[in-house]
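Every number in the numbering used here is 3 more than the matching position in the sequence shown, counting from 1.
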Amino acid sequence: MKKIGFGIIGTGVIAEFHAAALKDVEGAELVAVCDRVAERAQAFSEKYGVPYECDLDVFLAREDIDAVTIATPTGVHADVAVPAAKAGKHILCEKPLEVTVERANRIIDACEASGVVLASVFQLRLSLSVQLIKKAIKEGRFGKIVMATVQVKWFRDQAYYDSGKWRGTWAMDGGGALMNQAVHTIDLLTYLVGRPESVSAYTATLTHTGIEVEDTAAAVVKFESGAMGTIEASTSCAPGFPLHLEICGEKGSVVLEDSDILRWSFVDQTPEDDAILAKGIAGENIKGGSSDPKAISHEGHRRLIEDLSEVIQTGREPMVPGREALGAVELICGIYESAKSGQTYFFE
Ligand SMILES: NC(=O)c1ccc[n+]([C@@H]2O[C@H](COP(=O)([O-])OP(=O)(O)OC[C@H]3O[C@@H](n4cnc5c(N)ncnc54)[C@H](O)[C@@H]3O)[C@@H](O)[C@H]2O)c1
Numbered sequence: 004m005k006k007i008g009f010g011i012i013g014t015g016v017i018a019e020f021h022a023a024a025l026k027d028v029e030g031a032e033l034v035a036v037c038d039r040v041a042e043r044a045q046a047f048s049e050k051y052g053v054p055y056e057c058d059l060d061v062f063l064a065r066e067d068i069d070a071v072t073i074a075t076p077t078g079v080h081a082d083v084a085v086p087a088a089k090a091g092k093h094i095l096c097e098k099p100l101e102v103t104v105e106r107a108n109r110i111i112d113a114c115e116a117s118g119v120v121l122a123s124v125f126q127l128r129l130s131l132s133v134q135l136i137k138k139a140i141k142e143g144r145f146g147k148i149v150m151a152t153v154q155v156k157w158f159r160d161q162a163y164y165d166s167g168k169w170r171g172t173w174a175m176d177g178g179g180a181l182m183n184q185a186v187h188t189i190d191l192l193t194y195l196v197g198r199p200e201s202v203s204a205y206t207a208t209l210t211h212t213g214i215e216v217e218d219t220a221a222a223v224v225k226f227e228s229g230a231m232g233t234i235e236a237s238t239s240c241a242p243g244f245p246l247h248l249e250i251c252g253e254k255g256s257v258v259l260e261d262s263d264i265l266r267w268s269f270v271d272q273t274p275e276d277d278a279i280l281a282k283g284i285a286g287e288n289i290k291g292g293s294s295d296p297k298a299i300s301h302e303g304h305r306r307l308i309e310d311l312s313e314v315i316q317t318g319r320e321p322m323v324p325g326r327e328a329l330g331a332v333e334l335i336c337g338i339y340e341s342a343k344s345g346q347t348y349f350f351e
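Written out as structure tokens, the structure is:
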């Protein structure tokens, strides 16, 4: 079967993980890269032995590119994804999908209009632990979900924010600890618990300078299902804890730390449950990067590239459809609205 040709747009930090992951996917290959800064594109192309292009239209005209990976700053995703969709390229878009719901919808609409697949990089969803929790929810094992807790108490030093002009800006980063770092876990929250009905929140910039966005946030969420939840997110908590997610229901509760299951407790406990708990599903190596953004493995990216390649060949749904990636952007933007107004924000 023909390998799916991938082109990467934006050859910065995360592009390295995509390029490394592509080498490990049998059904896909990196065929070209694009960056608006020629020196970066050239250095990347030499490292991975593929051609580079700085002009997006010329890059998108390449017939050997079936799919593009969008790895530019977040506030540029729509600017490159919309022409890519119009050029008939399938899209694997880095998280978050965009900086606002309106801009994220532009990508979704362009992909639907062109009939190309849009998949989002929320690699934590693909961990075995999260899939086990999702399955248990589908099987009704939690009964009514009552409470959910997200804690992303991470650390980013000042040098991290100083490393790129776009970091910590509303226009390009779309937000701070919530939109850039906690977005993965907030995606898990909407994936597992569902749509929010309302949110009340505080945000602040407590330890970093020269950034427009929050480095610390606390929010209380009410979900459409009636469940309640809290979200704590920060990039000011040294040295940084693993991400923490709790889902608690009337018939069972679980605790996830990074991709490890710490607690797995159901009223109707089975031998399989004991096995899950004994193993803790540890060692999956799809970690969060609590102290260092580069301290993640490329395993999650590998699974997403493999998934999109199969989707293109078979026509099935991707594991993280682009439309679902909207949920985290919607919830985080609601948190910002509440923090700004001092009022509870109600979702449409
Ligand atoms: N999935 C994850 O765990 C993860 C981790 C880190 C970053 N990200 C996401 O990846 C994206 C990129 O982050 P990064 O840290 O790699 O950023 P970066 O600044 O290191 O790299 C971005 C690159 O995009 C290039 N660029 C900017 N505008 C462009 C344009 N219009 N056309 C082509 N190239 C352009 C820049 O020159 C730069 O080389 C962000 O959306 C970020 O949220 C995801």
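Each residue gets a CB set at the ideal place from its N, CA and C atoms; glycine is no exception.
Residue nearest to Ser132 in terms of C-alpha spacing, selected from His247, Lys297, Phe47, Ile299: Answer by Cα proximity: His247.
Distance cut-off 6 Å: Gly15 Cβ against heavy atoms of ligand 1: Residue side-chain check: Gly15 places its Cβ nearer than 6 Å to a non-hydrogen atom of ligand 1.
Helix, strand or coil at Gln120 according to DSSP, with G and I counted as helix: Per the sequence shown, the amino acid found at residue 120 is Val instead of Gln. Reduced to three states, the DSSP call for Val120 is coil.
Whole alpha helix (DSSP H) elements within the region 283-340, 4-residue minimum: Along the length of the region 283-340, whole alpha helix (DSSP H) runs at least 4 residues long occupy 302-317, reported in chain order.
The alpha helix (DSSP H) enclosing Glu49, as first and last residue numbers: Unbroken alpha helix (DSSP H) run through Glu49: 41-51.
Heavy atom of ligand 1 within 6 Å of Ala74 beta-carbon: Of the heavy atoms belonging to ligand 1, at least one sits nearer than 6 Å to the Cβ of Ala74.
Beta-carbon gap between Thr210 and Glu217 smaller than 7 Å: In this structure, Glu217 does not lie closer than 7 Å to Thr210 by Cβ.
Inter-stretch contact (C-beta, 8 Å, three-pair minimum) for the region 228-236 and the region 135-152: Note that the region 228-236 touches the region 135-152; at least 3 beta-carbon pairs, one per stretch, sit closer than 8 Å.
Beta-carbon spacing of Tyr163, Ile214 below 7 Å: Cβ distance not < 7 Å, so Tyr163 and Ile214 don't count as in contact.
Ligand 1 heavy atom lying under 6 Å from the CB of Gly167: At least one heavy atom of ligand 1 is found less than 6 Å from the C-beta of Gly167.
Helix, strand or coil at Leu100 [DSSP, three-state]: Here Leu100 sits in coil by DSSP.
Sub-7 Å separation of Glu253 and Gly118 beta-carbons: With contacts defined by Cβ atoms closer than 7 Å, Glu253 and Gly118 do not form a contacting pair.
Limits of the alpha helix (DSSP H) - the one that Val85 falls within: Element bounds for Val85: 80-89.
Neighbour-count burial assignment, Val71, 16 or more Cβ in a 10 Å radius: Buried, because 16 or more other Cβ atoms sit within 10 Å of the Cβ of Val71.
Backbone CA spacing between Gly52 and Ala44 [nearest angstrom]: Between Gly52 and Ala44, the C-alpha separation is close to 12 Å.
Between the CA atoms of Ile7 and Arg266 - distance to the nearest angstrom: So the two alpha carbons sit approximately 39 Å from each other.
Range covered by the alpha helix (DSSP H) that runs through Gln161: Taken as a continuous stretch (DSSP letters only), the alpha helix (DSSP H) holding Gln161 covers 161-165.
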